[in-house]
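The structure appears right after this line, and notes come after that.
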Amino acid sequence: MKIGVLALQGAVAEHIKSLEQAGADQVVAVKWPSDLEGLDGLVLPGGESTTIGKLMHKYELMEPMREMAKRGVPMFGTCAGLILLAERINGQDWSHIGVLDALVDRNSFGRQVDSFEANLEVAGLEGDEPYPAVFIRAPHIMEVGPDVEVLCAYDDRIVTARQGNLLGASFHPELTDDVRLHKYFLGMVETAKASV
Ligand code: GLN
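The UniProt record's numbering puts the sequence shown at residues 1 to 196.
So this is what it looks like as structure tokens:
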């Protein structure tokens, strides 16, 4: 199983470490279109979505990544990565990869709490323990389409959702030691690989 982590901005090393701890055989940093070859899954880290989107165009990654998502290669977007996946972004008439049937709102947890931690109940994770989530200028999902499964809401806001092979989280799973969400994603990758 070969997983890529988009390496244009954000906590790339932390995602690679979490994926390895979660049991991925091979994890590579993705910077160029050729790095996408042979990937069974791709993680899109947090950072600043407008900047990452611009860099994706500059490095000619936008189209190949959109094609990969449409072919059903599993993708996991965290924080800004979730914004990159979303079809609709509140207050703007354009999106980035635009494959997840959802409307997202950027920086939506208010300025006074730009960063915070919360214990979440995320559906589908191993065990009963709450999942410790780190939110940093986090987006939330305002609306989802009929094929989107809501895995977690916090404060009446959707913060984790899945549509087929696409997974999105508002927070930063790579910044905690709990790798259950990365494991969940690797499970999606295994299932997708087995069905090819
Ligand atoms: N606020 C950022 C954006 O809109 C996302 C923040 C993050 O990834 N930590 O892109």
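The beta carbon of each residue, even a glycine, is placed where N, CA and C say it ideally should be.
Exercise. By how many angstroms is the C-alpha of V144 removed from the C-alpha of A169?
Worked result: If you draw a straight line from the Cα of A169 to the Cα of V144, it comes to about 13 Å.
Exercise. Going by DSSP, which residues form a beta bridge with N165?
Worked result: Note: N165 sits in no beta bridge, so no partner.
For this session: Let me know the secondary structure DSSP gives V99 once reduced to three states.
Result: The answer is coil: DSSP assigns V99 none of H, G, I, E or B.
Problem set entry | Spatial distance of A138 from A194 (CA atoms) | Their Cα atoms are separated by approximately 34 Å.
Exercise. Is any heavy atom of ligand 1 found at a distance shorter than 7 Å from the C-beta of I136?
Worked result: I136: yes, Cβ under 7 Å from ligand 1.
For this session: Could you round the C-beta distance between G10 and G53 to whole angstroms and report it? I think they count as a contact, below 8 Å.
Result: Between G53 and G10 the Cβ distance is about 13 Å, and since that is not below 8 Å, they are no contact.
For this session: Alpha carbon to alpha carbon, how far is V150 from E87? Give it in angstroms, no decimals.
Result: Going by the C-alpha atoms only, they are around 16 Å apart.
Exercise. Whose C-beta lies closer than 6 Å to the C-beta of F116 among residues of the same chain, with five residues either side of it excluded?
Worked result: Closer than 6 Å at the Cβ level, and outside the excluded window around F116, lie F135.
Exercise. If you measure from the CB of S49, is any heavy atom of ligand 1 nearer than 7 Å?
Worked result: S49 Cβ: within cutoff of ligand 1.
Problem set entry | N165 vs M62 beta-carbon contact at 8 Å | Judged by beta-carbon spacing, M62 lies beyond the 8 Å limit of N165, meaning their Cβ atoms are not closer than that value.
Problem set entry | Local Cβ density within 10 Å of S34, reported as buried at 16 or more and exposed below that | Exposed: under 16 other Cβ atoms inside 10 Å.
Problem set entry | Segment contact flag, the region 86-102 with the region 118-130, C-beta cutoff 8 Å, min 3 pairs | Judged by Cβ distances under 8 Å, the region 86-102 makes no contact with the region 118-130, as fewer than three pairs qualify.
Exercise. Buried or exposed: A13, going by 16 or more other Cβ atoms within 10 Å of its Cβ?
Worked result: By the 16-neighbour rule on beta-carbons within 10 angstroms, A13 is exposed.
Exercise. Do you know how far the Cα of D93 is from the Cα of H15?
Worked result: One Cα belongs to H15, the other to D93, and the distance between them is close to 30 Å.
Problem set entry | Cut-off 8 Å between Cβ atoms - residues of its own chain near A192, not counting five sequence neighbours on either side | D40, G41, G72, V73, P74 and N165, listed in sequence order.
For this session: Name the two residues that bound the continuous alpha helix (DSSP H) containing Y184.
Result: Element bounds for Y184: R180 to A194.
Exercise. Can the beta-carbon of C79 be found closer than 8 Å to that of E121?
Worked result: Contact flag unset, no.
Exercise. Cβ of P139 versus every heavy atom of ligand 1: is any distance shorter than 7 Å?
Worked result: Annotation for P139 indicates a beta carbon within 7 Å of some heavy atom of ligand 1.
Exercise. For residue 202, which of V43, S49 and G23 has the nearest alpha-carbon?
Worked result: No answer is possible for residue 202: the residues shown for the chain start at 1 and end at 196.
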